[in-house]
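Trainee: Those letters in the sequence shown? Residues 3 to 68, by my numbering. Using N, Cα and C, we set each Cβ at its ideal position, and we do this for glycine too.
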Amino acid sequence: IGVPFTEICQRIGGQLFDVSSGEGQFLLYNVGPLALSGKFDVIGIGHNADEADRLLTEVLPELLGV
3 IGVPFTEICQ RIGGQLFDVS SGEGQFLLYN VGPLALSGKF DVIGIGHNAD
53 EADRLLTEVL PELLGV
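1) Buried or exposed: Q12, going by 16 or more other Cβ atoms within 10 Å of its Cβ?
2) Can you give, in chain order, each stretch of the alpha helix (DSSP H) that sits fully within the segment 36 to 61 and has at least 4 residues?
3) What does the alpha-carbon distance come out to for the pair L62 and V5?
4) Per DSSP, which residues does L65 bridge with? Please list them.
5) Is Q27 closer than 8 Å to L66 when the C-beta atoms are compared?
Set out below in structure tokens:
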């Protein structure tokens, strides 16, 4: 989406998975090659597969503005 990684995290906000609390719906990984922008992978954490799919196909694009 052409924005810095820190902005992606800001856009996801409170829905970004927090390991200390166990709260959040999006877990970002494979971010090692990122400097200020690049690519990443994401896991949607839902109560079931349908919810996880909805998070990735509907909620995440809305949060990211794509």
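Mentor: From the atom records:
1) exposed
2) 51 to 56
3) 15 Å
4) For L65, which the question treats as bridged, DSSP gives no partner whatsoever.
5) no
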